[in-house]
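K.L.:
Protein chains in written order, with this note's numbering: chain A, 1 to 648; chain B, 1001 to 1041.
Here a beta-carbon is modelled for each residue, glycine too, at the ideal position from N, C-alpha and C.
As the structure is a computational prediction, the values presented were derived from the model and not from experiment.
My questions will all concern the structure given below.
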């Protein structure tokens, strides 16, 4: 739920500063969190270039933030040890954007029961709610799946949960730290009037007849057809896997019925890039002949070529398989463009079959580098003995380092019901050219939520970074040294040998319960997306605003303003203003923070004021009583005279 | 077998934000919210 008040809103592009004390992995993950905001909302981030208010991300003692834009100039947000998870960072930034926790909503008690007797003593205040004059749930129903919800055991004093959901099925749903839920995004969109993700371009699962505005290309001899199944395969689409009667469509180019040499062009609607680089992701089913091809082009438009120019990007290597295969293609369109899928029947092939496309997503992001698909993943989770690893193939990054992922499908010893995941460096006997210990490579292991729409995915990811100075515990050896030195030799399934270094990761990557939820497993398979990125540039300090045009107005306007007692000067509504220091039991105030006050002062003042008022009231009462008595005394004297006269 | 043992980044514990802050000795509003001067008053 959000804090009410426009003054708490940030501009749509938020200036940030990554402080030097942040861990390198935390810096890298923070940048990944920003990418999720850009993909899924209209919130963008830019390095601080002198704006009056900005978010300073630093390594504090824990993970914390303020709620909303406090207009304090440098607003601090801490990503401390163990906070370097993407969902944790997104959570803290949602606070900064103006959101409290989900269970502090005014209508909280309709949906969860707080077990007050199970809460640690003194922690009850964490379960306060805000009424609807202070907070707004923005017309969005209570969301058990919010990444802003406490987990069921928050602040407990024993072993029993402190939060019991009124719908029991949500008991283990609350407290997810994977990704934004649909409702989180809806609220973010409503609070900031978002209409579109800033890096999102297009998504299509072909469920609607308009096929998302895609068109059949001109000059080809065959067409892509929207179908629910195709002769020769596939039997179902990938979005729904045929689970719903009357739905589940994909695009198919039938090479079985086409003539040799025929091409079919499927072109996306017009797209307008902002960043100049894109990632095209799609599922591809190849039941065509071995030589038939699928090629990706972009058709780019500019003033010189108003009809567009076709530019070849790459041929898809997807040999015929009875499987929907995931593909990524990196694009670099800088002007208005369309994505073009070109199917070609090259030679004679099977009488039935063809090329099929489904769940296309296009965004202005970088593509994941490597895909590891684990077939029959439910069975693997259920039947692999505890503490038994499986390994991804070794993947080699652009910089020439090879790594792989170790997965314990039934968890490491002592972690039943968990997926445990570790990243390992790998080296082969004759490898040369690498620097050891491996310097600053960030490895990310993402279990992909295979929802057809990229903005609705709640993938689970963890990143680790190779610190070349890190020593192994209880050893003089460097942890990320050459695997030939610190690792062990292993034999691959094809008989080749290589060296695998120690693993670095977590025993609690994801619970089985969550892994079986959403679309983490689809068609029986799980897909891990793996990347290794160089993050050595993050060891440098983020540049401070320097040029005169970038220099913030704050220092100039604050030049002649001296805030006392540790106060800082910021520009507020065009003028300098002191923000005064505040402690646990005291605070400073005044134009220059020149006055101080403590809670004791306040108490004494309140007491003195009360006693003064009481004293004044007593005096007034006594005076009043005295006056009344005197008046009645006089009156009674007068009555006596009258009485005497009457009797007389 | 690697000569160096595998390493758990979080000590093998599934620490939520509130657990991390509690271990750090923090007692923030709702576990991870910092109030400013105005709110504190």
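1) Considering just the uninterrupted stretch of the beta strand (DSSP E) at residue 650 of chain A, what are its terminal residues?
2) Counting along the chain, where does the alpha helix (DSSP H) carrying residue 300 of chain A start and finish?
3) If we define contact as Cβ-Cβ less than 9 angstroms, is residue 416 of chain A a contact residue for chain B?
4) Closest to residue 331 of chain A by C-alpha separation, out of A:628, A:278 and A:295, would be which residue?
5) Is it true that the CB of residue 463 of chain A sits closer than 9 angstroms to the CB of residue 358 of chain A?
6) The alpha helix (DSSP H) with residue 24 of chain A in it runs from where to where?
7) Grab me the residues of residue 190 of chain A's own chain with a C-beta within less than 6 angstroms of its C-beta, minus the 5 sequence neighbours each way, in chain order.
8) If you run the structure through DSSP and keep just helix, strand and coil, what is residue 116 of chain A?
9) Is the distance from the Cβ of residue 349 of chain A to the Cβ of residue 255 of chain A below 9 angstroms?
10) Put residue 187 of chain A into one of helix, strand or coil per three-state DSSP.
11) Work out the CA separation of residue 378 of chain A and residue 516 of chain A for me, nearest whole Å.
12) How would you write the range of the beta strand (DSSP E) that residue 405 of chain A sits in, first residue to last?
13) If you measure from the beta carbon of residue 384 of chain A to each beta carbon in chain B, is any gap under 9 angstroms?
14) Given a threshold of 16 other Cβ atoms within 10 Å of its Cβ, counted over all protein chains shown, does residue 461 of chain A qualify as buried or as exposed?
15) Find out if the Cβ-Cβ distance for the pair residue 118 of chain A, residue 162 of chain A is shorter than 9 angstroms.
16) Can you give me, in chain order, the residues of the segment 493–522 of chain A that have a beta carbon less than 7 angstroms from any beta carbon in chain B?
17) Using DSSP with H/G/I as helix, E/B as strand and the rest coil, what is residue 472 of chain A?
18) Under 9 angstroms, CB to CB, which of the residues in the segment 145–159 of chain A have a partner in chain B?
19) Hey, is the segment 355–369 of chain A in contact with the segment 282–297 of chain A, meaning 3+ C-beta pairs nearer than 8 angstroms?
20) Going straight from the alpha carbon of residue 6 of chain A to that of residue 53 of chain A, what length do you get?
21) Rounded to whole angstroms, how far is the Cβ of residue 45 of chain A from the Cβ of residue 14 of chain A, which I believe are closer than 8 angstroms?
22) Applying the 10 Å Cβ sphere with the 16-neighbour rule, what's the burial state of residue 617 of chain A?
23) Of all the options A:73, A:104 and A:614, which has the alpha carbon lying nearest to the alpha carbon of residue 132 of chain A?
24) Any idea what DSSP makes of residue 650 of chain A, helix, strand or coil?
25) Between residue 209 of chain A and residue 247 of chain A, is the Cβ-Cβ spacing less than 9 angstroms?
26) Is it a yes or a no for the segment 525–542 of chain A touching the segment 437–446 of chain A, going by three-plus beta-carbon pairs under 8 angstroms?
27) Mapping the DSSP letters down to three states, classify residue 626 of chain A as helix, strand or coil.
28) Can you give me the Cβ contacts of residue 178 of chain A inside the same chain, cut-off strictly under 6 angstroms, excluding the 5 residues immediately before and after it?
29) I'd like to know whether the C-beta atoms of residue 496 of chain A and residue 1007 of chain B end up nearer to each other than 9 angstroms.
30) Using the Cα positions of residue 337 of chain A and residue 427 of chain A, report the straight-line distance between them to the nearest angstrom.
31) Please determine, among A:107, A:149 and A:319, the residue with the shortest C-alpha to C-alpha distance to residue 682 of chain A.
32) With a threshold of 9 angstroms between beta-carbons, can residue 91 of chain A be considered close to chain B, or not?
33) What does a CB cutoff of less than 6 angstroms around residue 421 of chain A pick up in its chain, not counting 5 residues either side in sequence?
34) CA-CA distance, residue 1013 of chain B and residue 373 of chain A?
35) Excluding the 5 residues preceding and the 5 following residue 40 of chain A in the sequence, name in chain order all residues of the same chain whose CB lies nearer than 7 angstroms to its CB.
36) Which bits of chain B does residue 33 of chain A rub up against, with CB to CB less than 9 angstroms?
P.N.:
Judging by the given coordinates:
1) The structure shown does not extend to residue 650 of chain A, since chain A is modelled only from 1 to 648, so the question has no answer here.
2) Counting from one through the first chain, the residue named residue 300 of chain A turns up at place 300. Unbroken run through residue 300 of chain A is the beta strand (DSSP E), 293–300; no alpha helix (DSSP H).
3) Walking along the first chain from the start, residue 416 of chain A turns up at place 416. No - not a single Cβ of chain B is within 9 angstroms of the one on residue 416 of chain A.
4) Your numbering for residue 331 of chain A matches position 331 in the first chain. The shortest C-alpha separation from residue 331 of chain A is found at A:278.
5) On the first chain, position 358 is the one that residue 358 of chain A refers to. On the first chain, position 463 is the one that residue 463 of chain A refers to. No, these two residues do not count as a Cβ contact at 9 angstroms.
6) As a first step, residue 24 of chain A must be located in the first chain, where it is residue number 24. Counting along the chain, the alpha helix (DSSP H) containing residue 24 of chain A begins and ends at 24–40.
7) Taking the first residue of the first chain as 1, we reach residue 190 of chain A at position 190. So the qualifying residues of the chain are 138.
8) Here the question's residue 116 of chain A lines up with position 116 in the first chain. Residue 116 of chain A falls in the helix class under three-state DSSP.
9) Residue mapping note: residue 349 of chain A aligns to position 349 of the first chain, counting from 1. Residue mapping note: residue 255 of chain A aligns to position 255 of the first chain, counting from 1. Between residue 349 of chain A and residue 255 of chain A, the gap from beta carbon to beta carbon is short of 9 angstroms.
10) Here residue 187 of chain A refers to the residue found at position 187 of the first chain. Reduced to three states, the DSSP call for residue 187 of chain A is helix.
11) As a first step, residue 516 of chain A is located in the first chain; it is residue number 516 there, counting from the start. As a first step, residue 378 of chain A is located in the first chain; it is residue number 378 there, counting from the start. Annotation: residue 516 of chain A to residue 378 of chain A spans about 8 angstroms, alpha carbon to alpha carbon.
12) Position 405 of the first chain, counting from 1, holds the residue named residue 405 of chain A. For residue 405 of chain A, the enclosing beta strand (DSSP E) stretches over residues 402–408.
13) Here residue 384 of chain A is taken as the residue at index 384 of the first chain, counted from 1. With 9 angstroms as the cut-off, residue 384 of chain A does not count as an interface residue toward chain B.
14) Against the first chain, residue 461 of chain A aligns to sequence position 461. Residue 461 of chain A should be labelled buried.
15) Stepping through the first chain from its first residue, residue 118 of chain A is reached at position 118. Stepping through the first chain from its first residue, residue 162 of chain A is reached at position 162. In contact: residue 118 of chain A and residue 162 of chain A (Cβ atoms closer than 9 angstroms).
16) Along the segment 493–522 of chain A, going in chain order, the ones with a CB nearer than 7 angstroms to a CB of chain B are 500, 501, 502, 503, 504, 505, 506, 507 and 508.
17) Start at 1 with the first residue of the first chain, and residue 472 of chain A comes out as number 472. Residue state, collapsed to three classes: coil.
18) Within the segment 145–159 of chain A, the residues whose Cβ lies closer than 9 angstroms to any Cβ of chain B are, in chain order, 150, 151, 153, 154 and 155.
19) Look at the beta carbons and you see the segment 355–369 of chain A touching the segment 282–297 of chain A: at least three pairs across the two are nearer than 8 angstroms.
20) In the first chain, the residue the question calls residue 6 of chain A occupies position 6. In the first chain, the residue the question calls residue 53 of chain A occupies position 53. Approximately 15 angstroms between the Cα atoms of the pair.
21) Along the first chain, read from residue 1 onward, the residue named residue 45 of chain A stands at position 45. Along the first chain, read from residue 1 onward, the residue named residue 14 of chain A stands at position 14. The C-beta distance from residue 45 of chain A to residue 14 of chain A rounds to 5 angstroms, short enough to fall under 8 angstroms.
22) Taking the first chain and counting its residues from 1, one reaches residue 617 of chain A at position 617. Exposed.
23) Position 132 of the first chain holds residue 132 of chain A. Nearest option by C-alpha distance: A:104.
24) Because chain A spans 1 through 648 in this model, residue 650 of chain A falls outside it and cannot be assessed.
25) Here residue 209 of chain A is taken as the residue at index 209 of the first chain, counted from 1. Here residue 247 of chain A is taken as the residue at index 247 of the first chain, counted from 1. At the C-beta level, residue 209 of chain A and residue 247 of chain A stay beyond 9 angstroms of one another.
26) As far as the Cβ criterion goes, the segment 525–542 of chain A touches the segment 437–446 of chain A, which means the pair count is three or higher.
27) Counting from one through the first chain, the residue named residue 626 of chain A turns up at place 626. In the three-state scheme derived from DSSP, where H, G and I count as helix and E and B as strand, residue 626 of chain A is classed as helix.
28) Taking the first residue of the first chain as 1, we reach residue 178 of chain A at position 178. Excluding five sequence positions before and after residue 178 of chain A, the CB atoms of its chain that fall closer than 6 angstroms to its own CB belong to 87, 458 and 460, given in chain order.
29) Locating residue 496 of chain A in the first chain gives position 496, counting from the first residue. Locating residue 1007 of chain B in the second chain gives position 7, counting from the first residue. No, they are not a contact pair.
30) Here residue 337 of chain A refers to the residue found at position 337 of the first chain. Here residue 427 of chain A refers to the residue found at position 427 of the first chain. Residue 337 of chain A and residue 427 of chain A have their C-alpha atoms some 42 angstroms from each other.
31) Chain A is shown only over 1 to 648; residue 682 of chain A falls outside these bounds and no answer can be derived.
32) On the first chain, residue 91 of chain A is found 91 positions in, with the first residue counted as 1. So, interface residue.
33) Here residue 421 of chain A refers to the residue found at position 421 of the first chain. Setting aside the 5 residues that flank it on each side, residue 421 of chain A is surrounded in the same chain by 407, 445, 505 and 509, each with a C-beta closer than 6 angstroms to its C-beta; the list follows chain order.
34) Here residue 1013 of chain B is taken as the residue at index 13 of the second chain, counted from 1. Here residue 373 of chain A is taken as the residue at index 373 of the first chain, counted from 1. One alpha carbon belongs to residue 1013 of chain B, the other to residue 373 of chain A, and they sit about 27 angstroms apart.
35) Within the first chain, the letter at position 40 stands for residue 40 of chain A. Listed in chain order, the non-local C-beta contacts of residue 40 of chain A below 7 angstroms within the same chain comprise 180, 185, 197 and 455, local neighbours out to five positions each way being set aside.
36) Working through the first chain from its first residue, we reach residue 33 of chain A at position 33. The contacting residues do not exist; residue 33 of chain A stays about 14 angstroms from chain B at best.
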